[in-house]
């Protein structure tokens, strides 16, 4: 096979740097690599995955991250604080929460009722009645903390571990570490990603090869039903004529190639057209929900308000998960930032996502996929226990709640504690780097060993930080 | 496959394992001087003149080929060569007429004539200026957390293009960018040019919100050190921020010596933006009355909230007047004397008169509010802080953990003279700008090597040192160290003329080789490190788009000012802000908006430089998204249709039209088989479309054929 002529002259790293991309996973599938099958001559180069990965047996094969953009209020959702209600209107003193500054603001109690759910007795607010039914699948992390009190910095830290330097996103690292399980989909897909607060950087590949960039479907402000992948469809000519046109192009290209002999650039180009053409038919099929049963659509809340949009996003996430995508992010619009009217805001936002999330957990479970799918829920930070503008809450990176389900974490567990006001972590703080280390660990990747050489040094997702939270591993 | 060139591809890390500096730690700057990149230039007289050569460059290439027993391929054909020269020098293909003229010009100086003409063309700066803009991490927005628009950045972009066209000596080019605000000037125009040039220091991405001011200052310095280090010195200095460098001869003290210069420089200031005061890029008015206009503009926004309140009060007063509510009016005026117009103050006047006077005041106030002054012309500019000072080492790189103070200065490994003194009350930026190209006592030799290698990289496709941004121990070794020294010396001797070096390379035989495959040479040197053939290269997105627009007759070659003026202060369309960067300008692609995190799709898909950080070599990746773009994007299809319309405008046979189309798009004639294939395709497509009821089947068929040619590898590659 002709491509052998240049394949073996490249080092592994060269391959990673130059290997063809985008949906080149088509030919770079882990299947092809595992079975030792070489790709067709006209295909882009192979093998996206570093040799020897995963580092140890994985508990999860994939991640679905449900991102609540704007910052959900932990003290109104997963971290009940009776003291807030008792002290409502009083000034929160710094010494009560272990910091030097005083007069932090007026304490504001939660307007919502909490109850314990499941065997584990997990406390969940009344705003999540459907999610609460799955309490025993969930591990609530109450002690997550991050840096960055503005959305942009916090989003970048959540998604890339860094804010002042451009670093690969978590999904890109997972793609780099594990590759795609799919023959025709990239390893990392982000559904309705934010365009602001770091935008594409939040699913970017930075210095990793471009194949590891998340493929974006739509963007946060557009309903997913109207989302398009750019240039997936030719608006002027039908597919029959386009095939004829492509045949002409490829015929001219092959002639150029035969003059050039074994030119990886031209071979790559020829391959990229075939992949593109194939994608034009496969992607719309996957994106359509026509093949889902009425009961599934109803369970998620498709075609019902206010759930329709998030339901479609979650259902799409499950379809991608089924087809072997490694890292799938689903984002809400920028709607969780309740500087005023936190009560009304949280009632509205939870109503959009509660049923779809519960349905996703149930659906994955029914299909036997929850065991090896890690579902992660959370925002870029929490919200202050103190009032802002009378009835709102401000940004709060000091501590907030996230939860995980499935994929090798203990269900029915609540991990970490905060002080009486939900202001700061007390026991078992989990920094964003720890969260990242733990996600990689569940996927069978050692966060200290998953490195990439760039500009003269080895980089990793967690920089020089990060500890796996072993206590939550099932 | 042979491993003969292992030493070429293995990085210089090998030195470390051997321990090139005896017992000294890797960060020892004195021992580090033995690293090849810091060494004096080699004696270049040893390399013999080769018969094959057209230039001294070729002697070095020939010597290595001979040494390794590899024979180079023949020269490229004249059509290939002219296309290559045009693309590499000006980023555009030659027209069919220019190609024909060159092919027919038998004069021995034919190539020289073309090269000189292209070097003198304003198109040269648009191509080579963009190479520098990749390194300058040029963008029209801040990126990172808050993607605010850099409304004035385009002036810097155009300054770069103009400076490259004027062949401003590179040492001066650098100095103006590092310290243009501090240089003397003879005219306002010169002052403004230098101010704009110094935008280089300001244009980096910064975390803007919720950032501690001290941390922000250090982060800005880190970003500047990274950019200056990699773009000019080919050194990755960032590691020395937290600890003595583990690979490069850069102790932490050197890092903070540089950082002191940069933290003594400010590039941010508080200004009014989006209706509130924010920290944003530092700006200065341009032109004779620039400062006054800028102050007036800023004052308007600063005072707007007060002006609005004042107008509201005047309106309340009017209501009281109308209702004849003397008590209400008195209460209001007691607190706000300015709520009433002078003419309305006198209660003895008739009511109508007072109301009219008050109405007039309100009209004046409303008019002042409605008349925002136009945004004045401004430049992004750094300045020294009030009290420049040395910086403390930050332990483990933590901004709030102060260690020992270090005097401001430069890298010891490339400073043989400690005499450079930073005057009291100055940041040291001017001295830094001079040190970077100081051949005798500063980094000049290294900077020249790095630049010469970049020019080679852009002309040839691959650097002599392939890690173009890394000349340190973790970078690769040069494939032709003497050639690199020759190019660097030529650069310095020519007075740092980029054009002179481009010219020498363009006229070398090495540049003119065919890209043909040769089995014997490939067997020995599959990566073509010895330069036995030309590297076949894919067009970058700018050249790809420009070439399509040119074939379509749609390319507007006039330079462009701002391509982002219609955007609001928030550069990315988020939430209610629906205005997004446009790409539908007919001008060359170098003028398209570069919004960080929202690049034009074309740039995103075809490996444009990431504008968040200095980029010496763009990634070389082939992806399915590129296929989708070429198959389906409107811009491509519009260009194809316009090309087809031109072809159909003059009556000719289909055969001759196909020849015409090939020349117009690919710069060559089809062979017989290709002509037949195209004829069949057009005929079949036309009848297919006609049978589908298409009224315009002929145009559509020819458009589809032109589109096909745009999609070919011949169009997208430089052979």
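Residue numbers (my numbering), protein chains in the order written: chain B, 1 to 474; chain P, 1001 to 1719. For every residue, glycine included, the Cβ atom is placed at its ideal position computed from N, Cα and C.
Check: What is the rounded straight-line gap between the Cα of residue 153/B and the Cα of residue 291/B?
Finding: 40 angstroms
Next item on the list: With DSSP as the reference, label residue 1100/P as helix, strand or coil.
Entry: helix
Checklist line | C-alpha gap between residue 1699/P and residue 1221/P, whole angstroms | finding: 57 angstroms
Check: When we look at the beta-carbon of residue 228/B and count the other beta-carbons within 10 Å, is it buried (16 or more) or exposed?
Finding: exposed
Next item on the list: Determine, using beta carbons only, whether residue 329/B comes closer than 9 angstroms to chain P.
Entry: no
Item checked: Within-9 angstroms CB hit, residue 398/B to chain P -> no
Checklist line | Whole-number beta carbon distance between residue 1256/P and residue 1393/P, since they are thought to touch under 8 angstroms | finding: 5 angstroms
Check: For the 8 angstroms Cβ check, are there 3 or more pairs between the stretch 1113-1127 of chain P and the stretch 1072-1086 of chain P?
Finding: yes
Notebook entry, point to check: When the Cα atoms are used, what is the spatial distance from residue 1038/P to residue 1413/P?
Noted result: 8 angstroms
Item checked: Terminal residues of the beta strand (DSSP E) in which residue 479/B lies -> The shown model of chain B, from 1 to 474, leaves out residue 479/B, and the question about it has no answer.
Check: Just to confirm, are residue 151/B and residue 197/B a CB contact at a threshold of 9 angstroms?
Finding: yes
Check: In this structure, what does DSSP give as the bridge partners for residue 1405/P?
Finding: 1392/P
Item checked: Where the alpha helix (DSSP H) through residue 1691/P begins and ends -> 1672-1691
Checklist line | Under 9 angstroms between C-beta atoms of residue 347/B and residue 92/B | finding: no
Notebook entry, point to check: Hey, how far is the Cα of residue 1663/P from the Cα of residue 1652/P?
Noted result: 15 angstroms
Next item on the list: Would you list the residues sitting across from residue 415/B in a DSSP beta bridge?
Entry: 141/B
Note to self: Is the separation between the beta-carbon of residue 438/B and that of residue 469/B shorter than 9 angstroms?
What the structure shows: yes
Notebook entry, point to check: Taking Cβ positions only, does residue 187/B come closer than 9 angstroms to chain P?
Noted result: no
Checklist line | the stretch 160-174 of chain B: positions lying closer than 9 angstroms to chain P by Cβ | finding: 163, 164, 165, 166
Check: In chain B, what lies closer than 7 angstroms to residue 1210/P by C-beta?
Finding: 148, 149, 150, 153
Item checked: Contacts around residue 1074/P, its chain only, beta-carbon distance under 8 angstroms, and the 5 residues preceding and following it disregarded -> 1513, 1514, 1516
Next item on the list: Pull up the distance between the alpha-carbon of residue 1642/P and that of residue 1553/P, whole angstroms please.
Entry: 7 angstroms
Check: Taking the DSSP output, what are the residues bridged to residue 395/B?
Finding: 383/B
Check: How many angstroms separate the CA atom of residue 1661/P from the CA atom of residue 1550/P?
Finding: 13 angstroms
Note to self: Which residues in chain B have a C-beta closer than 8 angstroms to the C-beta of residue 1601/P? List them in chain order.
What the structure shows: 230, 231
Next item on the list: Below 6 angstroms CB to CB, which residues in the same chain sit around residue 31/B once its five sequence neighbours on both sides are set aside?
Entry: Its pLDDT being 26, under 50, residue 31/B is placed unreliably by the model, and the measurement read from it follows with that caveat. Hits under 6 angstroms: none found.
Note to self: Within the continuous beta strand (DSSP E) that includes residue 188/B, where are the two ends?
What the structure shows: 188-191
Next item on the list: Find the residues of chain P that neighbour residue 242/B, judging by a C-beta separation of less than 9 angstroms, and give them in chain order.
Entry: 1631, 1632, 1704
Next item on the list: Please compile the residues from chain P whose C-beta is within a distance smaller than 9 angstroms of the C-beta of residue 286/B.
Entry: Those do not exist, as residue 286/B stays about 15 angstroms from chain P at its closest Cβ, beyond 9 angstroms.
Note to self: Quick check on the burial criterion: 16 or more other C-beta atoms within 10 angstroms. Buried or exposed for residue 62/B?
What the structure shows: buried
Next item on the list: Would you mind giving the Cβ-Cβ distance between residue 1343/P and residue 1192/P, rounded to the nearest angstrom? I have them listed as a contact below 8 angstroms.
Entry: With a Cβ gap of about 46 angstroms, residue 1343/P and residue 1192/P do not count as contacting.
Checklist line | Pairwise C-alpha distance: residue 314/B and residue 367/B | finding: 15 angstroms
Notebook entry, point to check: Can you tell which of 1146/P, 1450/P, 1141/P, 1145/P has its C-alpha closest to the C-alpha of residue 1154/P?
Noted result: 1141/P
Notebook entry, point to check: Among the residues of its own chain, which have a CB less than 8 angstroms from the CB of residue 1322/P, if the five just before and after it don't count?
Noted result: 1355
Checklist line | residue 375/B - containing beta strand (DSSP E), residue span | finding: 373-378
Notebook entry, point to check: Does the beta carbon of residue 145/B come closer than 9 angstroms to any beta carbon on chain C?
Noted result: Among the protein chains of the structure shown, namely B and P, there is no chain C.
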